[in-house]
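For the sequence shown, the positions run 11 to 302 when our numbering is used.
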Amino acid sequence: MRMHADEIDTSPALVRRLVAAQFPQWADLPIERVESSGTDNAMYRLGEDLAVRLPRIPRTVDYLRREQHWPTVLAPQLPVEVPVPVALGEPGEGFPLPWTVLRWIPGRNPVVGSLDDAEALALDLAEFIQALRKIDPTGGPDQNRGVPLGSPGRDSATREAIAQLHDDIDTTRALSLWERAITLPEWSAGPTWSHGDLSPGNVLIRDGRLSAVIDFGGAGVGDPTVDLVVAWNLLPADARDVFRRALDVDDDTWFRGAAWALSIALIQLPYYRDTNPGLVANSRHVINEVLG
11 MRMHADEIDT SPALVRRLVA AQFPQWADLP IERVESSGTD NAMYRLGEDL AVRLPRIPRT
71 VDYLRREQHW PTVLAPQLPV EVPVPVALGE PGEGFPLPWT VLRWIPGRNP VVGSLDDAEA
131 LALDLAEFIQ ALRKIDPTGG PDQNRGVPLG SPGRDSATRE AIAQLHDDID TTRALSLWER
191 AITLPEWSAG PTWSHGDLSP GNVLIRDGRL SAVIDFGGAG VGDPTVDLVV AWNLLPADAR
251 DVFRRALDVD DDTWFRGAAW ALSIALIQLP YYRDTNPGLV ANSRHVINEV LG
């Protein structure tokens, strides 16, 4: 099902043509669509060891270009696997955008409410965030979500989403929380690297522990508070406290992290209501956790 009005159709047949034309060494490998809640790229498994990612919409090509470069720089400095490209595809076979072949990383997405050891996973996530923040930010791209909550684009989009959800959620409470959050002091420790979309769909686990973080299209440099959203979109309350202590987060930053989680969920819910049930379910979960 399409998630965007300008989404480009893809299929295993298209991927086979692209691979055969540009990377014939892999032309005979089986191709299988990977079901996911990802909104920017369609993904296909290519044989046992590779994956193909194709942008769904033209405006995400910049994110794809980030994925094609920065994980190679970041990977050696991170404690878990990240998807490093092995080949860069070009437009062709009727597909108008660049695309990527990456190593397939084994693992599974964690399921909210069914974590084997939530506190251990919380510590793993905190370790990943700490390692990412320690990487030299010089020359890194701007983090689109590394901006103040009250910046015009984020504030207006959040308020518009709240207005659209008056029949779904407690909009009075949501607006009150949001308006309090945008008055809080901004991040003052200097720009650092952040992932920007730490959600269950971008986290892989093996044996209950964090094994990989994927989808670095939104990674960049700025205020890293947005990476705290994983506390609400994945972790239960007790593990949330473990996560917070491990990162030594002060009250204002923690509240801004909750507001980021709320804002993202509020914007996703009406946009993907009829097209992405997994993302919608997680958005509702986040809203309930934050407002509760």
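Quick reminder that beta carbons are idealized off the backbone N, C-alpha and C, glycines included.
Mapping the DSSP letters down to three states, classify residue i as helix, strand or coil.
i, result
"tyrosine 282", "coil"
"isoleucine 115", "coil"
"leucine 133", "helix"
"serine 186", "helix"
"isoleucine 172", "helix"
"alanine 85", "helix"
"threonine 202", "strand"
"aspartate 146", "coil"
"glutamate 91", "strand"
"valine 213", "strand"
"threonine 70", "helix"
"alanine 191", "helix"
"tryptophan 197", "coil"
"alanine 15", "coil"
"serine 124", "coil"
"glycine 99", "strand"
Please go through the same chain and pick out, in chain order, the residues whose beta-carbon is closer than 8 Å to the beta-carbon of residue i, but skip the five residues on each side of it.
i, result
"aspartate 59", "Arg113 and Trp114"
Roughly how many angstroms separate the alpha carbons of residue i and residue j, rounded to a whole number?
i, j, result
"threonine 49", "aspartate 258", "32 Å"
"threonine 181", "glutamine 278", "15 Å"
"glutamate 137", "asparagine 243", "18 Å"
"asparagine 51", "glycine 104", "17 Å"
"glycine 200", "valine 236", "14 Å"
"asparagine 154", "tryptophan 36", "35 Å"
"threonine 20", "arginine 63", "10 Å"
"proline 101", "isoleucine 172", "38 Å"
"tyrosine 54", "leucine 194", "43 Å"
"glutamate 77", "leucine 84", "11 Å"
"leucine 24", "histidine 295", "36 Å"
"leucine 301", "arginine 27", "48 Å"
"alanine 175", "alanine 291", "The question names alanine, yet the displayed sequence has leucine at residue 175. Using only the alpha carbons, I get a separation of about 15 Å."
"alanine 256", "glutamine 32", "46 Å"
"serine 47", "tryptophan 197", "30 Å"
"threonine 263", "tryptophan 270", "10 Å"
"aspartate 248", "leucine 133", "12 Å"
"arginine 43", "leucine 125", "26 Å"
"leucine 56", "leucine 107", "19 Å"
Residues in its own chain within less than 6 Å of residue i by CB, not counting five upstream and five downstream?
i, result
"aspartate 178", "none"
"leucine 142", "Trp203"
Closer than 7 Å by C-beta to residue i: which residues in its own chain qualify, once you throw out the five before and the five after it? Chain order, please.
i, result
"arginine 183", "Leu301"
"arginine 266", "Leu159, Ala191, Leu194 and Thr235"
What runs of the alpha helix (DSSP H), each 4 residues or longer, lie entirely inside the segment 223–293? Counting whole runs of 4 or more residues, the segment 223–293 contains the alpha helix (DSSP H) stretches 240–243, 247–257 and 261–281.
For the segment 154–169 and the segment 249–256, state whether three or more C-beta atom pairs, one from each stretch, are separated by less than 8 Å. Not touching, per the Cβ criterion.
Taking contact to mean 3 or more Cβ pairs, one atom from each stretch, closer than 8 Å, check whether the segment 119–137 and the segment 183–191 are in contact. These segments do not touch.
Taking 8 Å as the threshold, find out whether the segment 30–47 comes into contact with the segment 79–95 through three or more Cβ pairs. Too few Cβ pairs lie closer than 8 Å, so no.
Flag this pair as touching only if the segment 138–158 and the segment 226–241 have three or more C-beta atom pairs under 8 Å; answer yes or no. When C-beta atoms of the segment 138–158 are compared with those of the segment 226–241, three or more pairs fall below 8 Å, so the two segments count as touching.
Enumerate, from N- to C-terminal direction, the unbroken beta strand (DSSP E) stretches of 3 or more residues contained entirely within the segment 26–66. For the beta strand (DSSP E) assignment, the uninterrupted runs of no fewer than 3 residues enclosed by the segment 26–66 are, from N- to C-terminal side, 41–44, 51–56 and 60–65.
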